[in-house]
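> Just so you know, we're using UniProt numbering here: the sequence shown kicks off at 1 and counts up by one. Sharing a structure here in structure tokens format.
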Amino acid sequence: MRKEPADDRPIEPKSDGDSPDFDGLSVEKAADIVVNTERESDEVRETLAIVAQDGTIRRAAVDDAVANASMVVTTAETRVELAAKKLDNVRETATPVSDLDLVSARIDNFDARLTTIEDRADDLGDVIQEVLGMKEDGDLYEIARRIRRVTSAATEIQRAADDFQFEIDSFEEWLTDADRRVEELTADLDALAESVDELDDIAGTLVVDDSDPESETAQTWVAAMVRHRVVSLMIADLRAELAALRTWAEREGGTPPSEIEPRLDEIQTSHEIVGEQLTAGAEPEWVERFDDQLTALDEALEAMEPPIAWAEVEAVAEEHRPAIE
């Protein structure tokens, strides 16, 4: 095969308006032009290489680049379709217990997440079509950038769809296995007990060495108060889940979990004692400084009912978490 002659053209290419004609330039020379306005030179070179052949930018390379991107997009779209089918199947499996909030809330969450993934996937094909419309005379760097972005987006969507399918599989196992449901509730109970123990350690070691509400000790105290309120919600959520599992077991003629409630009662008692310790250990200046914000947090959390959407709880806690100046 005859080698292409060396690229001896000057760095400044022919230009139509603001769009340089990079066709036939080496990646390095084209990158030098783009880097005049773009900060990341390595990224620019990697982007331009998408429409290059043997180190030289070629408009003819666009077809192959689009074909490669289209394959990545098609794979992502296929994974999203598989995720939708899995959700349909698991929704059918859940039909007998879909009236239980514990189940319906999870399915609603999956529905919302799938809609987001599908919306993102729907945009991929449009981008490919836009690039195809540019291939004859469009800016080659812009074409390469769009191809890179759509490929990256498709890869992310594929990953999200794969993760979604994994979670659907796990949810289906939970739906069809009573022991699995009890195991997960027990694991949540273990995490709850650990949180209460950590709060107990804080309450037991809280030494007031500065009544200043902006002190480090005050910061530790108010953070513990916020966490104590969130743990209250965790207790309510686990009690609601336990009640749902009992109803579920009765419908299936199974044995309801019997060892969880006594332990949950014990944890709740410890939680209440910790709350009393934290309240008793507060300096009046701390209470005056943070009372309004903690009250606002209480009101926001009290409006939430099981099954709890924990992402919302985290957002509310962050919004109302008192700031130390």
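Backbone N, C-alpha and C fix where the C-beta goes; we use that ideal spot for every residue, glycine too.
Could you name the residues of the same chain whose beta carbon sits closer than 7 Å to that of residue 318, not counting the 5 residues immediately before and after it, in chain order?
none
> Which whole-angstrom value is the C-beta distance of residue 168 and residue 103, which I expect to be below 8 Å?
That pair is no contact at about 14 Å.
> Taking the alpha carbon of residue 279 as the reference point, which residue from 221, 269, 314, 93 has its own alpha carbon closest?
221
> Are the CB atoms of residue 124 and residue 154 nearer to each other than 8 Å?
yes
> Of the residues 47, 320, 157, 182, which one's Cα is nearest the Cα of residue 249?
182
> Please determine, among 312, 316, 320, the residue with the shortest C-alpha to C-alpha distance to residue 109.
Looking at the Cα atoms, 312 is the closest of the given residues.
> How should residue 235 be labelled, buried or exposed, when 16 other C-beta atoms within 10 angstroms of its C-beta is the threshold for buried?
Buried: at least 16 other Cβ atoms inside 10 Å.
> Please state if the CB of residue 307 and the CB of residue 237 are separated by a distance shorter than 8 Å.
yes
> Is there contact here, the region 128-135 with the region 66-85, by at least three beta-carbon pairs under 8 Å?
yes
> Measuring alpha carbon to alpha carbon, tell me which residue in 74, 287, 56, 93 is nearest residue 214.
287
> When burial is assigned at 16 or more other CB atoms within 10 Å of the CB, is residue 241 buried or exposed?
buried
> Restricting to Cα atoms, I'd like to know which of 208, 185, 116 is closest to residue 156.
Looking only at 208, 185, 116, the smallest Cα-Cα distance to residue 156 is reached by 116.
> Measuring alpha carbon to alpha carbon, tell me which residue in 204, 289, 97 is nearest residue 273.
204
> The alpha helix (DSSP H) that contains residue 247, what's its start and end?
Looking at the DSSP string, the run of the alpha helix (DSSP H) that includes residue 247 is 216-252.
> Is the beta carbon of residue 372 sitting closer than 8 Å to the one on residue 225?
The requested residue 372 is not part of the displayed model; the chain covers only 1 to 325.
> Unbroken alpha helix (DSSP H) runs of length 4 or more, entirely within the region 269-315: which are they?
284-302
> Note down the Cα distance separating residue 107 from residue 95, rounded to an integer number of angstroms.
11 Å
> Short of 8 Å in beta carbon distance, which residues of its chain neighbour residue 223, apart from the five on each side in sequence? Order them along the chain.
321
> Can you find the residues in the same chain that come closer than 8 Å, C-beta to C-beta, to residue 271, ignoring five residues on each side of it along the sequence?
196, 199, 228, 231, 232, 235
> Considering only residues of the region 139-219, which uninterrupted alpha helix (DSSP H) runs meet the minimum length of 4 residues and lie entirely inside it, listed in chain order?
Listed in chain order, the complete alpha helix (DSSP H) runs (minimum 4 residues) inside the region 139-219 are 140-176, 178-205.
> For residue 282 and residue 299, I'd like the C-alpha separation in whole angstroms.
21 Å
> Relative to the C-alpha of residue 93, which candidate in 172, 149, 59 has its C-alpha closest?
172
> Would a C-beta distance cut-off of 8 Å place residue 256 and residue 246 closer than the cut-off?
yes
> When the Cα of residue 258 is compared with those of 53, 139, 186, which residue comes out closest?
Comparing Cα positions, the closest option is 186.
> By Cβ distance, which residues of its chain are closer than 7 Å to residue 165, with the 5 residues on each side in sequence left out?
82, 83, 86
> Return the first residue and the last residue of the alpha helix (DSSP H) that residue 67 is part of.
61-93
> If you count every other CB in all the chains shown that lies within 10 Å of the CB of residue 180, and 16 or more means buried, which is it?
exposed
> Given that a residue counts as buried once 16 or more other Cβ atoms are within 10 Å of its Cβ, and exposed if not, what is residue 158?
buried
> Kindly indicate which residue of 52, 211, 244 has the alpha-carbon position closest to the one of residue 100.
244
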